[in-house]
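Enquirer: I'd like to ask you about the structure that follows.
Chains as they are written, first to last, in the numbering used here: chain L, 38 to 343; chain F, 9 to 264.
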């Protein structure tokens with residue numbers, strides 16, 4: 038029997054495959070396809086203190102081996118979540134995590150403080166890397182001083198596991214990972230989408246209403262993998278790899294580069310069962326290679342004997 | 009209604025015009041009795057390098073005796089071009105059935121089905137369903153030219169068909185929304201699908217006359233199951249997903 042569980046501190050995840058925020062709704066969208074409790078965890082659609090309508094349509098365009106989106110954190114706010122969504126997601130027999138977003142540091146603090154009280158949410162992913170909001174979002178995650186401030190202040194009020202989701206739109210993502218570790222984050226997840234754009238030559242206008250959006254899908258995978266590898270060498274807290282993982286082989290690359298877990302994002306749009314197929318694929322691969330624990334391959338390429 | 013992912017077998021790929029074709033897909037022994045008019049499917053396109061996301065198509069027809077579903081597809085890009093090359097016995101990975109459906113009217117009401125171009129697709133299945141409920145709807149179909157006058161025979165079996173073409177090659181000349189039956193006839197229910205400017209004109213026509221009207225919208229989609237929030241339409245209830253809260257909307261809910 039192969040052990041593919043992983044831990045963030047004392048928080049156990051039964052598999053190292055989670056679903057990325059904004060790509061898996063609130064889980065129930067996938068109930069028809071498989072039992073989502075099989076997953077190590079689900080990270081719910083990004084939440085803000087107040088309801089947000091998001092950006093105007095069009096907010097998505099397909100690009101070579103990927104897509105750009107500028108959804109802009111459409112959600113019904115914390116109060117609605119507590120009342121209408123929390124009771125439903127609490128029924129899942131897996132870790133349900135919230136991805137938290139703010140326009141100001143105070144927003145993040147207020148969210149973290151209230152979510153800390155939700156018994157069934159064992160961890161949050163602090164999103165300081167959303168590229169699609171005018172205020173906050175990526176602005177916090179692309180400046181080392183503001184990143185430090187928001188992580189520090191959230192850490193002070195949030196007592197459970199804190200994961201910081203990092204932006205790739207920086208000169209050196211390692212600096213931000215180190216700041217997260219220094220300020221007491223329990224893990225880092227990377228990468229959020231890469232800022233990009235596309236223009237419709239027929240209409241001679243940008244495809245997205247916001248002009249720019251976040252690039253995801255296989256197109257970003259090599260860049261994401263490189264950043265995960267760099268960060269995993271620099272920090273001792275767990276690294277969760279995200280970026281264009283479509284299948285088992287893609288996921289394995291992230292583990293071999295140093296990720297302790299992965300998140301499946303855009304792949305779920307094309308194959309709603311991508312995450313569960315990857316769990317099965319990981320078990321099979323490890324069994325065939327003669328490993329008993331997935332930990333044995335985490336950061337394998339950095340081991341001195343190869 | 010349970011959504012499922014299945015490999016369906018192509019029974020027939022029927023070329024209609026240079027731009028349009030119909031794919032008939034076998035659902036083998038699967039129960040498809042729960043598919044409703046207005047719903048759509050998400051098709052994975054395998055033989056196109058530049059096609060990453062699935063492609064949504066409304067259900068054109070369901071043959072419950074043969075257990076097949078048909079998709080009427082217009083070639084607009086690389087994805088649909090690749091699909092046009094499918095052969096009998098090829099398999100196609102499909103997520104279905106998705107979205108909401110057209111509502112069934114009160115008994116005895118007069119109904120118009122108005123479809124423009126590829127927007128006629130969902131109206132065949134809807135028309136058949138309405139016939140099974142005892143309605144005999146009128147159909148108003150609009151095309152660019154006679155070349156695109158698609159599969160009218162099938163629609164003739166549902167009710168009286170009125171045609172409009174932009175070049176006047178068949179039916180009345182002009183847009184469907186300029187057709188004289190909209191002035192001469194009086195309808196209680198209008199169901200419509202087609203290009204957005206056409207739908208907006210239909211909506212205005214119905215609003216002015218207080219006619220119940222539902223339109224099927226086509227927005228750019230990624231997931232098709234309400235997870236990504238990309239395909240939103242701006243409604244009086246806020247941004248709603250075309251894929252799960254649509255594709256069929258009552259015009260009173262739209263900000264048109």
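From the three backbone atoms N, C-alpha and C, an ideal C-beta is built for every residue, glycine too. All figures in this text were calculated on a predicted structure; none of them were measured in a lab.
(1) Where does residue 330 (chain L) land, buried or exposed, given buried means 16+ other C-beta within 10 angstroms?
(2) Counting along the chain, where does the alpha helix (DSSP H) carrying residue 215 (chain L) start and finish?
(3) Using a Cβ cut-off of 7 Å, pull out every chain F residue sitting near residue 60 (chain L), in sequence order please.
(4) List the whole-angstrom C-beta distance separating residue 163 (chain F) from residue 135 (chain F), where the pair is believed to meet the contact cut-off of C-beta under 8 Å.
(5) In the segment 10-31 of chain F, which residues sit with their C-beta less than 8 Å from some C-beta in chain L, listed in chain order?
(6) Between the beta-carbon of residue 33 (chain F) and the beta-carbon of residue 53 (chain F), is there less than 8 Å?
(7) First and last residue of the beta strand (DSSP E) that includes residue 185 (chain F)?
(8) Anyone know if the C-beta pair for residue 186 (chain F) and residue 173 (chain F) falls short of 8 Å?
(9) So residue 15 (chain F) and residue 88 (chain F) are in contact, right, with Cβ under 8 Å, and what is the actual spacing, rounded?
(10) Taking C-beta to C-beta, are residue 110 (chain L) and residue 139 (chain L) nearer than 8 Å?
(11) Which term fits residue 109 (chain F), buried or exposed, when burial requires 16 or more other beta carbons within 10 angstroms of its beta carbon?
(12) According to DSSP, is residue 34 (chain F) helix, strand or coil?
(13) Quick one: Cα of residue 174 (chain L) to Cα of residue 69 (chain F), how far?
(14) Would a check of beta-carbon distances place residue 111 (chain L) closer than 8 Å to chain F?
(15) Less than 8 Å between the C-beta atoms of residue 294 (chain L) and residue 323 (chain L), yes or no?
(16) Is there a C-beta anywhere in chain L that falls below 8 Å from the one on residue 66 (chain F)?
(17) Taking DSSP as the reference, what is the three-state secondary structure of residue 225 (chain L)?
(18) Which residues in chain F sit within 8 Å of residue 310 (chain L), going by Cβ to Cβ distance?
(19) Opposite residue 251 (chain L) in the DSSP bridges: which residues?
(20) Assuming residue 224 (chain F) contacts residue 66 (chain F) under a Cβ cut-off of 8 Å, what Cβ separation, rounded to an integer in Å, is found between them?
(21) Please state if the CB of residue 265 (chain L) and the CB of residue 231 (chain L) are separated by a distance shorter than 8 Å.
(22) Is residue 288 (chain L) closer than 8 Å to residue 252 (chain L) when the C-beta atoms are compared?
(23) Just grab the DSSP bridge partners of residue 61 (chain L) for me.
(24) From residue 152 (chain L) to residue 43 (chain L), what distance separates their C-alpha atoms?
(25) Just checking: is the beta-carbon of residue 118 (chain L) within a distance shorter than 8 Å of some beta-carbon in chain F?
(26) How big is the Cα-Cα spacing for residue 171 (chain L) and residue 46 (chain L)?
(27) According to DSSP, is residue 125 (chain L) part of a helix, a strand, or is it coil?
(28) I want to know whether the segment 233-246 of chain F touches the segment 63-80 of chain L - three or more CB-CB distances under 8 Å.
(29) Starting from the C-beta of residue 9 (chain F), find all residues in its chain whose C-beta is less than 6 Å away, skip the five residues before and the five after it, and write them out in chain order.
(30) Select from L:113, L:107, L:105 and L:82 the residue whose C-alpha is nearest the C-alpha of residue 88 (chain L).
(31) How do the segment 211-224 of chain F and the segment 244-257 of chain F stand: do at least 3 beta-carbon pairs fall below 8 Å, yes or no?
(32) Would you say residue 260 (chain L) touches the ligand SAM, meaning its beta carbon is less than 7 Å from a heavy atom?
(33) Quick check on the DSSP output: what are the complete beta strand (DSSP E) runs of length 3 or more inside the segment 279-340 of chain L, in order along the chain?
(34) Mind listing the chain F neighbours of residue 66 (chain L)? Cutoff is C-beta to C-beta under 7 Å, in chain order.
(35) Just list the residues that DSSP pairs residue 237 (chain L) with in beta bridges.
(36) Taking the continuous beta strand (DSSP E) assigned at residue 23 (chain F), which residues delimit it?
Expert: On the basis of the coordinates in this document:
(1) exposed
(2) 210-219
(3) 235 and 236
(4) 7 Å
(5) 10, 11, 12 and 13
(6) no
(7) Where residue 185 (chain F) is concerned, there is no enclosing beta strand (DSSP E), given that its DSSP letter is neither H nor E.
(8) no
(9) So it is not a contact: roughly 20 Å between Cβ atoms.
(10) no
(11) buried
(12) strand
(13) 46 Å
(14) yes
(15) no
(16) no
(17) strand
(18) 13
(19) L:106 and L:232
(20) 7 Å
(21) no
(22) no
(23) Beta-bridge pairing links residue 61 (chain L) to no other residue.
(24) 23 Å
(25) no
(26) 34 Å
(27) helix
(28) yes
(29) 42
(30) L:113
(31) yes
(32) What this structure holds is no ligand at all, so the ligand SAM is not there to describe.
(33) 298-301
(34) 233, 234 and 235
(35) L:242
(36) 12-23
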